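Engineer: Quick note on our numbering: the sequence shown kicks off at 13 and runs consecutively. A virtual CB, placed ideally from N, CA and C, is assigned to each residue, including glycine. Please read all numbers here as calculations on a predicted model, not as lab measurements.
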Amino acid sequence: MTVLVDINDQNWMTNQQFIKSLNGGIPSSQIRFYPATGTPEDIAMLICDKLRPGLVKQLPNLELIQKLGAGVETIIYDPDLPKNIRVTRLKPEIAAMEMARFCLARVLPDVHHLAFHHQHQLNSKWMPKEPQQPSDISIGVLGLGHIGGTTARLFQSLAFHVIGWSRTAKSIDGVDCRWGLDAINGILAECDYVICILPSTTDTFNLFDRHRFKAMKPGATIINIGRGTLIVEQDLIEALDNNCLAHAVLDVFQQEPLSEDSPLWAHPAVTVTPHISGWHLQGLEVVADNYHALSNGSSLIHEVSRKLGY
13 MTVLVDINDQ NWMTNQQFIK SLNGGIPSSQ IRFYPATGTP EDIAMLICDK LRPGLVKQLP
73 NLELIQKLGA GVETIIYDPD LPKNIRVTRL KPEIAAMEMA RFCLARVLPD VHHLAFHHQH
133 QLNSKWMPKE PQQPSDISIG VLGLGHIGGT TARLFQSLAF HVIGWSRTAK SIDGVDCRWG
193 LDAINGILAE CDYVICILPS TTDTFNLFDR HRFKAMKPGA TIINIGRGTL IVEQDLIEAL
253 DNNCLAHAVL DVFQQEPLSE DSPLWAHPAV TVTPHISGWH LQGLEVVADN YHALSNGSSL
313 IHEVSRKLGY
């Protein structure tokens with residue numbers, strides 16, 4: 013069975029690094045790298061970080077698309093994707109913890125007032141200030157899947173007050189778990205930090221518009237490491253300008269790479285990072301396992317529901 017590998021971002025992982033990560037799990041003789049597709053009819057499995065527009069049409073016998081990552085919206089919403097093609101994704105532990113630490117790295121400097129102390133250092137001023145207690149800070153985690161659950165548990169382990177939200181009911185020890193779209197605004201009103209770790213679905217597309225921002229607690233910070241489609245970026249800028257919230261940390265965007273003329277780059281209340289919160293995948297043996305599962309007709313690992321969008 014022939015596999016086509018298409019890694020769009022060579023700054024993230026080269027073809028050679030990908031082969032090494034497989035540790036021989038897929039015979040090298042069965043692997044091709046885009047654009048060297050060879051005979052397109054031979055390809056039954058596509059492995060990619062992002063689905064290249066029009067590629068599916070070129071692979072008439074394609075059966076499976078394996079996403080190198082968690083988000084699959086660029087795949088399942090591709091208008092060329094036939095209903096019979098299955099989709100799988102990754103759920104790597106190391107990337108989930110990286111993303112959780114990314115969020116924690118934004119919160120902890122505020123807990124200890126590091127910006128305040130840096131400013132007084134510049135003025136040679138000795139100005140003690142009591143750090144905040146984590147238990148007095150409410151962290152909202154929207155999305156309690158693999159990554160969101162890891163993030164909620166990390167903050168809870170450090171004594172923050174954590175409120176989690178999911179589409180359906182879930183339970184995490186020490187976390188105030190709520191569910192259903194009607195519960196979101198109440199969470200926004202309570203939380204000092206709102207961390208978005210939601211997939212891109214019909215329910216979450218443009219979820220954060222001007223009405224959601226107005227529902228947020230004054231002085232709150234939003235952190236988006238989920239999908240760029242969650243936020244209406246112009247509404248976010250207006251909300252920041254109108255002091256509906258204090259800061260936005262954005263690792264994902266409606267359009268990536270973020271255009272050079274985007275006002276988000278220079279906005280004083282926005283922190284921009286180039287989709288790097290979950291860098292290391294680890295555990296790519298799942299990709300090889302799905303290759304063999306497809307070959308012998310057994311169950312696939314982390315198969316995506318095309319209906320739910322994740």
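Kindly identify the DSSP beta-bridge partner or partners of Y303.
Structural biologist: Bridge partners of Y303: none, in fact.
Engineer: Below 8 Å on the Cβ atoms is my guess for A48 versus L74; work out the distance and round it to an integer in Å.
Structural biologist: Not really, about 16 Å apart at Cβ, beyond 8 Å.
Engineer: On the three-state DSSP scale, how would you describe R224?
Structural biologist: R224 falls in the helix class under three-state DSSP.
Engineer: Out of curiosity, what's the CA-to-CA distance linking H173 and I237?
Structural biologist: The straight-line gap from Cα to Cα measures roughly 20 Å.
Engineer: With distances taken Cα to Cα, identify the nearest neighbour of K137 among Y303, F128 and Q145.
Structural biologist: Nearest option by C-alpha distance: F128.
Engineer: Which residue from V68, R64, A82 and L58 puts its Cα closest to that of M76?
Structural biologist: The question names Met, but residue 76 in the sequence shown is Leu. Among V68, R64, A82 and L58, the Cα nearest to that of L76 belongs to L58.
Engineer: Does the beta carbon of C208 sit closer than 7 Å to a beta carbon anywhere in chain C?
Structural biologist: This model lacks chain C altogether; it includes just one protein chain.
Engineer: Using the three-state DSSP reduction, which class does H259 fall into: helix, strand or coil?
Structural biologist: If DSSP states are grouped into helix, strand and coil, H259 belongs with the strands.
Engineer: For a minimum of 3 consecutive residues, which ranges assigned as the beta strand (DSSP E) are wholly contained in the region 119 to 175?
Structural biologist: Segments of the beta strand (DSSP E) lying fully in the region 119 to 175: 150 to 154.
Engineer: I'd like to know whether the C-beta atoms of L170 and P140 end up nearer to each other than 7 Å.
Structural biologist: Result no, Cβ atoms of L170 and P140 do not sit closer than 7 Å.
Engineer: With a Cβ-Cβ cutoff of 7 Å, do Q266 and E250 count as a contact?
Structural biologist: Going by C-beta atoms, Q266 is not nearer than 7 Å to E250.
Engineer: Between A195, F167 and T162, which has its C-alpha nearest S178's C-alpha?
Structural biologist: S178 has its Cα closest to that of A195, out of A195, F167 and T162.
Engineer: Is the separation between the beta-carbon of L210 and that of L154 shorter than 7 Å?
Structural biologist: It is a contact, given that the beta carbons lie within the stated cut-off.
Engineer: Let me know if H158 comes out buried or exposed under the rule of 16 or more other beta-carbons within 10 Å of its beta-carbon.
Structural biologist: H158 comes out buried.
Engineer: How many Å lie between P52 and N96 at the Cα?
Structural biologist: Whole-angstrom Cα-Cα distance: 18 Å.
Engineer: Give the single residue among I43, M13, N35 and A201 whose Cα lies nearest to the Cα of I19.
Structural biologist: If we check each option's Cα against that of I19, I43 comes out closest.
Engineer: Can you tell me whether N135 is buried or exposed, with buried defined as 16 or more other CB within 10 angstroms of its CB?
Structural biologist: Burial call: exposed.
Engineer: Does the structure place the region 83 to 96 close enough to the region 197 to 216 that three or more beta carbon pairs sit under 8 Å?
Structural biologist: Yes, the region 197 to 216 touches the region 83 to 96.
Engineer: Indicate the three-state DSSP secondary structure (helix, strand or coil) for A56 in the structure shown.
Structural biologist: DSSP places A56 in strand when its eight states are reduced to three.
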